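**Q** This is the structure I have questions about; it appears just below.
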Amino acid sequence: MKLVIAMIQPHKLPDVKKALFDAGIHKMTVTNVVGCGQQKGYSETYRGVVHNVNLLKKVRLEIGVNEEFVKPTIQAIIKGAKTGKIGDGKIFVMELARCIRVRTEEEGNDAIG
Amino acid sequence: MKIVIAIIQPHKLEAVKKELYKVEVNLITVSPVLGHGKQKGVNEVYRGVKEVGNFLRKVRLEIAVNDNFVEPTIKAIVKGAKTGKIGDGKIFVYPLERCIRIRTEEEGSAAIG
Amino acid sequence: MEMINAGDTAWVLASSALVMLMTPGLAFFYGGMVRRKNVLGILMQCFIILCAVSLQWVLFGYSLSFAPGNPLVGGLQWLGLSGVGQAPNPDYAATIPHLAFMIFQAMFAVITPALIIGAFAERVKFSAFLIFTLLWATFVYDPLCHMVWGVGGWLRSLGALDFAGGTVVHINAGVAGLVATLVIGKRRGYENTPTPLHNLPFVVLGAALLWFGWFGFNAGSALGAGALAAQAFVTTHIAAAAAGLSWALLEWNVNGRPTIFGTVTGVVAGLVAITPAAGFVAVPSAIIIGILVSVFCFYAVSVVKPKLGYDDSLDAFGVHGIGGIWGALATGLFATKSVNAAGADGFFYGNPQQFVNQFIAVGVTVVFTAVVTFVILKVVDALVGLRVKEEDEEIGLDLTQHQEVAYTVLE
């Protein structure tokens, strides 16, 4: 099992969600985060005084999947989130050692879907 | 590649960010979280009723790095966040299997920066 | 009692309620501008002033301000409102109960120290703030109020015009704020850490309440429901409108985008500037006063403040001090007897002396306020210490001073 974590542009969330649903992936956890990367940030002006903001609003997706779903998940996220411009985001894949469904206490591949 | 996750005091975020920039770690994802550790939580009083041991506000950093950046990243976080008092936070390091840049679909170490 | 006019009384009482609402309005105006960890601190300071200064006022503040006394301060004969009753006091307002005049003035005494909060936001100990406020109300506001408005007050005898409190309220609070920020010092990390405002819609809501309440502040200062109230009502509204538009256009031109924060700041600056002039100037003059105040205040907060590096956190001086000084001087330029026979002609109506009078009134206010405020701050600092601990400032005033927080993270 793998844990896929993706940071994407907030306005791309509906597109990514649709692409994931189309690929048969319905489980995900979404968080509001701020982050910085190659995008250099932007400036806000308050009463004429310019503030540089370098932590930009992003959305973080967290998806636990079985091995065979890793590829479709990554493809779906790319399909939904890619614009080709800086700031599109990142996808991380990590080993997921165990997964337990709280309701039934099932473990492993059965619990993940 | 590794994912470094740190839970720190919210007011130390700026200092940590600055230290991370110094060691050229520019990709950071930040989210507000609540937590409990050895600190027993804060007391808040509402209309005379004391609420003991509420969760503490913390900030969670998530940083994907190449292996040779793990040590500098940890050192920078410690440097920025450490006060020596209870509540300074924790740092966790996980193995990161894959990393994909959505914009270019590059993979691996090249995608991480 | 037969001299009481029902319409005048109704308007002054309604105006008192309008001015009362300005302090909670200011609480939101300022509260939105601070970081989320300090918003309750601001709201608390404003509400405590509403409570504490109202009591100070009826116990002795009103007497020090308005009772017959010497040219600098009122006497003590109206302590605890003794002799201040339902019958009118013809020295101040002949057609309304003395109590109505008293409570209208109470709301002014409340909002003035509340304005200062903006200068030292996010770093002052609550106990120190409370002691400072009571001392300041007693030793700065009350005497200055007497000098400008009290019978026998020396600025009043000098012939300086101040319709609704440009000197007493705005210059006074603005300069006190500047002195306070210099004595107390900057917020920690002011230069290299952004201190972004946490809730701009609160700021807009607060500005809207201020604009609404200001009709009581200025038109109520006619102390009657007559032609002069209508004049002040219209000049107030128009100056605010002109200033808001002026700030937005200026910002659009300088920074490339007009902002809501700038626009509401301009509106408040316009309201400040028209305050001393409201019942003395014609409507076209109000437009000019409004347009220009935004230019001066914009320059003060976006160029002068960053250059000099003082941390007037929410621009109490930049908006109220600068706007108030401009308003007081503009009154000396634009006042005309054709609007208010009890007023005077200004510079543009053939009476340069009036401008000089206004200038003296501004100068006296600035010096008096600066000196006494400085002394009070030093006294409070010696008593309890003005600033919160470094760590408390980082954690925020809400939790450290009041043990409560404004926003939950979960649920």
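Chains as they are written, first to last, in the numbering used here: chain S, 201 to 313; chain B, 425 to 537; chain A, 5 to 415. By construction, the Cβ of each residue, glycine as well, lies at the ideal position given by its N, Cα and C atoms. Just so you know, these numbers come straight off a predicted model, no measurement behind them.
How far does the beta strand (DSSP E) with A/Leu138 in it reach, from first residue to last?
**A** Not the beta strand (DSSP E): A/Leu138 falls in the alpha helix (DSSP H), residues Phe130 to Trp140.
**Q** Relative to the C-alpha of A/Leu390, which residue among A/Asp95, A/Ser131, A/Val307 and A/Gly193 is closest?
**A** A/Ser131
**Q** Is A/Val179 near A/Gly325, with beta carbons less than 8 Å apart?
**A** yes
**Q** Is it buried or exposed for S/Asn309, if we count other Cβ within 10 angstroms and need 16 for buried?
**A** exposed
**Q** What would DSSP say about S/Pro214, mapped onto helix, strand or coil?
**A** helix
**Q** Among the residues of its own chain, which have a CB less than 6 Å from the CB of A/Val243, if the five just before and after it don't count?
**A** Reading off the sequence shown, one finds Ala at residue 243 of chain A, where the question assumed Val. Closer than 6 Å at Cβ, skipping near neighbours: Gly274, Ile278, Ala290, Ile293 and Gly294.
**Q** So is A/Leu201 in contact with chain S if we call contact Cβ pairs under 8 Å?
**A** yes
**Q** What does a CB cutoff of less than 6 Å around A/Arg191 pick up in its chain, not counting 5 residues either side in sequence?
**A** Glu126, Arg127 and Asp315
**Q** Does any residue of chain A bring its CB to less than 8 Å from the CB of B/Glu460?
**A** According to the sequence shown, residue 460 of chain B is His rather than Glu. It does not; no Cβ of chain A falls within 8 Å.
**Q** Quick one: does B/Tyr470 have its CB under 8 Å from some CB of chain A?
**A** yes
**Q** Rounded to whole angstroms, how far is the Cβ of S/Val230 from the Cβ of S/Leu256, which I believe are closer than 8 Å?
**A** With a contact defined as Cβ atoms closer than 8 Å, S/Val230 and S/Leu256 miss out at about 17 Å.
**Q** For the alpha helix (DSSP H) containing A/Leu333, list its first residue and its last residue.
**A** Run containing A/Leu333: Ile326 to Phe338, per the alpha helix (DSSP H) assignment.
**Q** What in chain S is Cβ-close to B/Thr507, meaning under 8 Å?
**A** Ordered by position in chain S, no residue passes the 8 Å Cβ test against B/Thr507, which lies about 22 Å from the chain.
**Q** Residues bridged to B/His387 by DSSP?
**A** Given that chain B is displayed from residue 425 to residue 537, the structure contains no residue 387 of chain B and the question cannot be resolved.
**Q** At which residues does the alpha helix (DSSP H) containing A/Ser20 begin and terminate?
**A** It spans Ala10 to Gly35 - the alpha helix (DSSP H) in which A/Ser20 sits, taken as one unbroken run.
**Q** Go to B/Gly513, then tell me how far its alpha helix (DSSP H) extends in each direction, as first and last residue.
**A** No alpha helix (DSSP H) contains B/Gly513, which is instead part of the beta strand (DSSP E) from Gly513 to Pro519.
**Q** Would a check of beta-carbon distances place S/Leu255 closer than 8 Å to chain B?
**A** yes
**Q** Which chain S residues are close to B/Glu448, counting only those with a beta carbon under 7 Å from its beta carbon?
**A** Residues of chain S passing the Cβ test: none, with the nearest at roughly 13 Å.
**Q** Please report the Cβ distance between A/Ser317 and A/Ala247, rounded to the nearest whole angstrom; I am assuming they are in contact, meaning their Cβ atoms lie under 8 Å.
**A** Their Cβ separation, rounded to whole angstroms, is 22 Å, which puts A/Ser317 and A/Ala247 out of contact at 8 Å.
**Q** What is the DSSP secondary structure of B/Phe479, counted as helix, strand or coil?
**A** coil
**Q** Helix, strand or coil for S/Asn252? Go by DSSP, reduced to three states.
**A** strand
**Q** For S/Val216 and S/Gly280, which I take to be in contact (beta-carbon distance under 8 Å), what is that distance rounded to the nearest angstrom?
**A** With 8 Å as the limit, S/Val216 and S/Gly280 qualify as a contact, their Cβ atoms being about 3 Å apart.
**Q** Please identify, using Cβ separations under 8 Å, the residues of the region 244-266 of chain A that lie next to chain S, in order along the chain.
**A** Glu255, Val258, Asn259, Arg261, Thr263, Phe265 and Gly266
**Q** Can you check which of these residues, A/Asn203, A/Tyr411 and A/Ile364, is closest to A/Leu162 by C-alpha distance?
**A** A/Ile364
**Q** Could you tell me which chain A residues have their CB closer than 8 Å to the CB of S/Gly248, listed as they occur along the chain?
**A** Glu255, Val258, Asn259, Gly266, Phe302, Val305, Ser306 and Val307
**Q** Answer yes if the region 21-29 of chain A comes into contact with the region 379-395 of chain A, meaning at least three C-beta pairs across the two stretches below 8 Å, and no otherwise.
**A** Verdict: no, contact absent.
**Q** Give a yes or no on whether the minimum CB-CB distance between A/Ile399 and chain B is below 8 Å.
**A** By this cut-off, A/Ile399 is an interface position.
**Q** Using the C-alpha atoms, what's the distance from B/Ser455 back to B/Gln433?
**A** 12 Å
**Q** Using a Cβ-Cβ distance cut-off of 8 Å, determine whether B/Asn467 contacts chain A.
**A** yes
**Q** Quick check: is the beta carbon of A/Thr412 nearer than 8 Å to any beta carbon in chain S?
**A** no
**Q** When the distance is taken between beta carbons, is S/Val293 closer than 8 Å to B/Arg522?
**A** yes
**Q** Is there a Cβ from chain S that is less than 8 Å from the Cβ of A/Ser310?
**A** Here residue 310 of chain A turns out to be Pro, not Ser, going by the sequence shown. So yes, A/Pro310 belongs to the interface.
**Q** Decide if A/Gly89 is buried, meaning its Cβ has at least 16 other Cβ atoms within 10 Å, or exposed.
**A** Exposed, by the Cβ-count rule.
**Q** Under a Cβ-count criterion, where at least 16 other Cβ atoms within 10 Å of its own Cβ denotes burial, should A/Asp146 be classed as buried or exposed?
**A** buried
**Q** When you compare the CB positions of A/Pro262 and A/Ala168, do they come within less than 8 Å of one another, or not?
**A** In terms of Cβ geometry, A/Pro262 and A/Ala168 do not form a close pair [threshold 8 Å].
**Q** For chain S, find out if any of its Cβ atoms is closer than 8 Å to the Cβ of B/Glu530; answer yes or no.
**A** Among the residues facing chain S, B/Glu530 is not included, as its CB has no counterpart in that chain under 8 Å away.
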